[in-house]
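Chains A and B, in that order, give the protein sequences.
Residues 721 to 1104 in the working numbering are what the first sequence lists, from first letter to last.
Residues 1003 to 1433 in the working numbering are what the second sequence lists, from first letter to last.
Here the structure is laid out as structure tokens; the discussion comes afterwards.
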Amino acid sequence: MDFESLIAQCREMIDNPLHPEVLSWKEKTGGKAVGYFPVYSPLEIVYANGMLPVGIMGGGNKLDVERADSYFGSFVCSIVKSTTELALRGDLKYLDGIFFHSICDAARNLSFVFKRNFSPQLFVEYIHFPQNPSSPSAVKYLVSELERVRKKLEEVNGRPMTEENLKQSIHAYNENRRLMQNLYRIKAEAPHLLSTPEAYLLTSVGNWLPPEDHSMILRAALEEVPKRKIRPRDKIRVVLEGSFCEQPPLELLEVVDEAGCYIVDDDLLLGRRWYEEEIPLDGNPVHSLAESYINRARYSSVSHDWRRPRSQRLVERVKQSGATAVVFCIAKFCEPALLDYPLFKDVLEREGIPHVSLEFEEKMWTFETLKTSVETFVESILFD
Amino acid sequence: MAKEVSEKKEKSQYQGRIHQMQKDLMARWMAELEQAAENNEPTACLLVAGSNLAILLRCLGIHQVYPELNSLQLAIRKQSLPYIQIAEEKGYSTDVCSYVKADVGAFFSGNMSSLGTKLPKPTLVLSCFSGCNVYIKWFEHIAAYTGAPLYVIDVPFIRSGEGPCPEDIDYVVSQLKEVIEICEKMSGKKLDYDQLRESLVLAREMERSWLEIKELTKNIPSPYDDYFDCITLMGPLVAYRGTPEGVEFFHTALKEFEERVRLGIGPIPKERFRMVVESAPPYPYFRTFRDLFTRWGACAVGATYTTPQPPEFLHDPERPLESLAEYPIQIFTNRGLVQRYQLLEKYVRERSADALIIHSVKSCRLFSVGHGDMREYFSKKLYIPTLMLESDLEDPRYFSEAQMRNRVDAFFEVLEHKKYLAGKTIESHAT
Ligand code: SF4
Ligand code: SF4
């Protein structure tokens, strides 16, 4: 399949809110489907239990939020509302359970709104990830938390998960992440060959597929991309930061691109790319997972590690990717991203790295103002 | 005119002896902090939710400052807005927690308290975050701005079953041991476990009185307002936990309230409605907000915000570190919404309340996300009359007095009518 058809296929999958691929997987395997709210979720354990992890990344810009508004206050990001709307409409019926994580106060309360309104039909679990990785006891704690999750899944599933199951699952996700990383490598080295919206489509279909199937798509794409005949253009190289949870509309990414930016690195769909190194397969796999979370995870505004502050790691990423600027792309009312901004801003100013800040909502239709501000920003750098 | 006079008379009068005692204690505390600042004595920034750690810090010779209390004081003295704006100029969004912004603004304006006293710069920034993820960021910012070392005690949220699992307690205890080591290095003082146990005995005594005081709100009329008055009692609980002064204060308070029960005195001349309140008050309009309810003769008999310690919790001197760890884990902000609903329902039932008032604080997601669901649950499932109001706890720009007054009045008019009809039914049954 050529690259364009591959992208068209991904687009089709994303546009169908019923996600027939999940249902057909369930029919074929007789397994259960478990949703996960951003950012990172231990997909490896879910999949090792013979369940399909399904990424629930909000409602996109086609969903009308009608009923969910009244469940929340006015200062709440869109994804919290749209996810509830999906559940109220019955659009999450294909799920047997859903995971939420300790990313922010809004997501945590959302998990309990889900518990009250949609369980027991849907089992709802909240995972507390350690926020003090510098403590020597953090790994031990996380092992206990992952074991709790494992027991819960075994209980729901009615059968135990073996160590071998988990190792195979970790292996599948290691491979899947490696392929996504290759995709991102191309994006950094030859950004004209693969735009961010394209990379995004290729990554996000993984939300509804088992890792092996997703990896097949990625492999096909990786083969096709180098064959494309596109000439580089005069654009600035930027790192996009702040979209680790609620996802910006695809049109917004297109606009940033059109306004003169090659996005050479980003934190879109971050949970799926949480580790840039492989999770080791020797030793106890639950321990490996926990230890990788503590020592090998990507930085993000929803996890904290003072051994290496996030602002320092952002600067490192800018330098590594050869970017000249940072575009903050932050969901309206997203407190973890908004509260990280002042510290990021300070360090970027100190380092002389220019930045621009954009705010988005899932349901955004016009991008003109946004485009103008990115264009102005790009011009200020190009003609500096 | 006549209405105005009667309104004035109906305004709350909470002027007991403990009121003065409370003022003196807090003034002394501020003075001690000022002294500490002058002498460069070791000081730690702490959070109210994990404020029981003050017991430990005191034994280690370390003073405590509470950025939250400073924000609160700035708001109540109507000083918060300029500081919020300073933070916004520094890149803080209009949509993030305004407590953080007021504190950051005040820090960049000379680190002054609302009374104009100088606050000490922390030697340690100790975040024990109990549920609110903003606390982590907030303290990270303080550490970045002051250059002081940061330690975040990771407190696992209560997420399965009713209470914490043993692994969670172990995790927090191990972190406490790390904190003790850091503090010992900082102050050059070794932790004396006997002294810690003694302080915990005192803390437990304070907590016992506190719980007894809370129970008194079951009386009709309630001897004090469990929202507006109780906030004042929280100062000494936080600042003097585990000290003889704290014990004396709460013994006196208990006696005073018991006396009021005996005499049938409440905080307002005639208690006509009893309410339970959810979430923090709009501090910049504290008085105005209170009066909206007082004029209807409404008295709070329960509130989540004034449940600063886990319900039924007492420190156990025999298990010092475990007990110190269990407190921040078990506090209600570290529990899910469903458990918060249960707590509120318990207050409504046990304390014979007529209504639930939800003050949804815009910039505080910990409290406000899900308030719509809460209202739905209480009014539609439990049939408890519920009123939801919205403003902010620190930012005066979100408070609209006229609008709020209309909503409160409309609500109580209906409630009054219902009470009248219910009374009639009882009468007609009687005859
Ligand atoms: S978008 Fe931000 S605030 Fe909203 S759920 Fe995600 S992390 Fe939380
Ligand atoms: S979000 Fe709420 S609980 Fe957290 S610091 Fe702000 S006001 Fe306090």
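Quick reminder that beta carbons are idealized off the backbone N, C-alpha and C, glycines included.
Rounded straight-line distance, which links the Cα of residue j to that of residue i
i: I1386(B); j: Y1226(B); result: 23 angstroms
i: R1337(B); j: C1134(B); result: 11 angstroms
i: W928(A); j: S1095(B); result: 34 angstroms
i: E1006(B); j: R1407(B); result: At E1006(B) the pLDDT is 42, less than 50, meaning the model places this residue with poor confidence; the figure from the coordinates comes in the next sentence. Cα-Cα distance, rounded: 15 angstroms.
i: P670(A); j: Y1173(B); result: Here chain A has residues from 721 to 1104 only, and residue 670(A) is not among them.
i: E1012(B); j: L1235(B); result: Bear in mind that a pLDDT of 40 at E1012(B), under 50, signals an unreliable position, so the model cannot answer this.
i: S685(A); j: S1093(A); result: Summary: the structure shown does not reach residue 685(A), with chain A confined to residues 721 through 1104, and so no result is reported for it.
i: K1420(B); j: G1266(B); result: 25 angstroms
i: E996(B); j: T1309(B); result: Here chain B covers residues 1003 to 1433 and nothing more, so residue 996(B) does not appear.
i: S1224(B); j: A1241(B); result: 26 angstroms
i: E1439(B); j: K887(A); result: Past the edges of chain B, shown from 1003 to 1433, lies residue 1439(B), and the structure says nothing about it.
i: R1030(B); j: K1091(A); result: 57 angstroms
i: H739(A); j: S839(A); result: 21 angstroms
i: F1369(B); j: N781(A); result: 28 angstroms
i: V859(A); j: E1209(B); result: 34 angstroms
i: I734(A); j: E1180(B); result: 48 angstroms
i: Y1016(B); j: A1355(B); result: Its pLDDT being 43, under 50, Y1016(B) is placed unreliably in this model, and the coordinates cannot settle the point.
i: E732(A); j: S1162(B); result: 38 angstroms
i: F1295(B); j: E1392(B); result: 15 angstroms
i: I799(A); j: R1409(B); result: 30 angstroms
i: F1334(B); j: F1048(A); result: 35 angstroms
i: Q1032(A); j: V1067(A); result: 8 angstroms
i: H1024(A); j: S889(A); result: 27 angstroms
i: E1403(B); j: T1290(B); result: 8 angstroms
i: A979(A); j: V1098(A); result: 7 angstroms
i: K1187(B); j: T1125(B); result: 11 angstroms
Terminal residues of the beta strand (DSSP E) in which residue i lies
i: Q1066(B); result: 1065-1067
i: H821(A); result: 817-821
i: M1277(B); result: 1275-1280
i: M1390(B); result: 1388-1393
i: S1129(B); result: 1126-1130
i: P988(A); result: One point to set straight first is that residue 988(A) is Leu, not Pro, in the sequence displayed. Here L988(A) belongs to no beta strand (DSSP E), and DSSP marks it neither H nor E.
i: T749(A); result: Note, T749(A): premise wrong, no beta strand (DSSP E); alpha helix (DSSP H) at 740-749.
i: R897(A); result: Element bounds for R897(A): not the beta strand (DSSP E) but the alpha helix (DSSP H), 883-909.
Short Cβ contact (8 angstroms threshold) for residue i with residue j
i: V1278(B); j: A1300(B); result: no
i: D816(A); j: V754(A); result: yes
i: P850(A); j: R1027(A); result: no
i: I1064(B); j: D1397(B); result: no
i: L772(A); j: I937(A); result: no
i: F1259(B); j: L1218(B); result: yes
i: A1104(B); j: V1127(B); result: no
i: L1204(B); j: G1237(B); result: no
i: L866(A); j: A1010(A); result: yes
i: Y982(A); j: K949(A); result: no
i: L973(A); j: P917(A); result: yes
i: V1371(B); j: L830(A); result: yes
i: A1046(B); j: K1120(B); result: no
i: Y1019(A); j: R1030(A); result: yes
i: K1364(B); j: P1062(A); result: no
i: V1098(B); j: E1070(B); result: no
i: D1156(B); j: I1331(B); result: no
i: V984(A); j: S924(A); result: no
i: L1058(B); j: L1326(B); result: yes
i: H848(A); j: F1159(B); result: yes
Residue i - containing alpha helix (DSSP H), residue span
i: I799(A); result: 798-809
i: T1089(A); result: 1088-1102
Any non-hydrogen atom of ligand 3 within 7 angstroms of residue i CB
i: F1053(A); result: This structure lacks ligand 3; its bound ligands are ligand 1 and ligand 2.
How do the stretch 1063-1083 of chain B and the stretch 1282-1289 of chain B stand: do at least 3 beta-carbon pairs fall below 8 angstroms, yes or no?
Proximity of the stretch 1063-1083 of chain B to the stretch 1282-1289 of chain B meets the contact definition, three or more beta-carbon pairs being nearer than 8 angstroms.
Please determine if the stretch 944-963 of chain A and the stretch 1028-1048 of chain A are in contact, where contact requires at least 3 C-beta pairs separated by less than 8 angstroms.
Below 8 angstroms, enough C-beta pairs join the stretch 944-963 of chain A and the stretch 1028-1048 of chain A to call them touching: three or more.
Between the stretch 1339-1358 of chain B and the stretch 1371-1385 of chain B, do at least 3 Cβ pairs fall closer than 8 angstroms?
Yes, since at least three Cβ pairs between the stretch 1339-1358 of chain B and the stretch 1371-1385 of chain B fall closer than 8 angstroms, the two stretches touch.
Under 5 angstroms from any heavy atom of ligand 2, by CB: list those residues in chain order, please.
Cβ atoms closer than 5 angstroms to ligand 2 belong to C1099(B), Y1101(B), C1134(B), V1136(B), C1366(B), L1368(B).
Touching by the beta-carbon criterion (3+ pairs, under 8 angstroms), the stretch 895-906 of chain A and the stretch 774-785 of chain A:
Flag = no, the stretch 895-906 of chain A and the stretch 774-785 of chain A do not touch.
Does the stretch 740-759 of chain A come into contact with the stretch 781-798 of chain A, if we say contact requires no fewer than three beta-carbon pairs (one atom in each stretch) closer than 8 angstroms?
Pairwise C-beta distances place the stretch 740-759 of chain A out of contact with the stretch 781-798 of chain A, as fewer than three of them are shorter than 8 angstroms.
Count the C-beta pairs between the stretch 1307-1322 of chain B and the stretch 1143-1162 of chain B that are closer than 8 angstroms, then say yes if the count reaches three, no if not.
No: fewer than three Cβ pairs fall under 8 angstroms.
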